[in-house]
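Colleague: In the UniProt record's numbering, the protein residues as written are 1 to 62. Quick one: the structure is below, questions incoming.
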Amino acid sequence: MNWESPSQFFAMGGHGPYIWASFGLLLLFILIEVFSVRKRRKDLIRRLKRLMQVQAKMVEKE
Numbered sequence: 001m002n003w004e005s006p007s008q009f010f011a012m013g014g015h016g017p018y019i020w021a022s023f024g025l026l027l028l029f030i031l032i033e034v035f036s037v038r039k040r041r042k043d044l045i046r047r048l049k050r051l052m053q054v055q056a057k058m059v060e061k062e
């Protein structure tokens, strides 16, 4: 497709609102996924550190 102006590009032949909304939702879901994975990773590392501390204390007691 060739567009003569930026407004025609964004209008996408009358389908612009649907197209740009879908792109916006996709971006939103990708960002949510990235932040969710980061949080889970951080929580997992915190739990593993806690587990290692507990195991180290158990070894010291023996």
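Yeah, the Cβ is synthetic: ideal placement off N, Cα and C, and Gly gets one too. Note that the coordinates shown come from a computational prediction; the quantities given were computed from them, not determined experimentally.
(1) Quick check on DSSP: helix, strand or coil for W20?
(2) Between G16 and the rest of its own chain, which residues show a CB-CB distance below 8 angstroms, the 5 nearest in sequence each way excluded?
(3) Can you tell me whether DSSP reads E4 as helix, strand or coil?
Modeller: Concretely, from the data shown:
(1) helix
(2) F10
(3) coil
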